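Scroll down for the structure; my scribbles are underneath it.
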Amino acid sequence: MESFSPKHYLQMYALGKLYHLTWKPEILTRSNTNQATLLDAALLDKYIIQEIMQIRDVRESDQIHYIAGDTGSSDALCRLVDKDKDRVGFFYLPFK
């Protein structure tokens, strides 16, 4: 993984490829009700997991698996995603 970590940036890994994503300004404007909703984790949950993937509760879904970022886990996540063509992995990095 690259050591690039701007705010509102994430990476998506699917089908053996890594995609660099940024949130559209209109999503950030629409979500600007409070600072908590502007966290990349909250944006990922609302706009990708809930709206696109139609998974309502990530805590209860057996379709969502988290890997802690402090374990050097980007390679582990890629290996897990590569096991099935229907899997996708997201990386969001802490803003410093």
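To convert, note that position 35 of the sequence shown is 1024 in the working numbering; the numbers rise steadily by one, no gaps. The beta-carbon is built from N, C-alpha and C at its ideal position, and this holds for glycine as well. All of these numbers come straight from a predicted model, not from anything done at the bench.
Query: Is the stretch 1068-1084 touching the stretch 994-1004 in the sense that three or more CB pairs, one from each, lie closer than 8 Å?; Result: yes
Query: Determine the DSSP secondary structure at L1004, reduced to helix, strand or coil.; Result: coil
Query: To the nearest angstrom, how far is it from the Cα of L1028 to the Cα of L999?; Result: 11 Å
Query: Is the beta carbon of I1041 closer than 8 Å to that of S1050?; Result: no
Query: With DSSP run on the structure shown, which of helix, strand or coil describes L1028?; Result: coil
Query: Does I1038 pass the burial test, meaning 16 or more other C-beta atoms within 10 Å, or should it be called exposed?; Result: buried
Query: What is the C-beta distance between A1065 and I1053, in whole angstroms, given that I count them as a contact (C-beta under 8 Å)?; Result: Not quite, the Cβ-Cβ distance comes to about 16 Å (not below 8 Å), so this is no contact.
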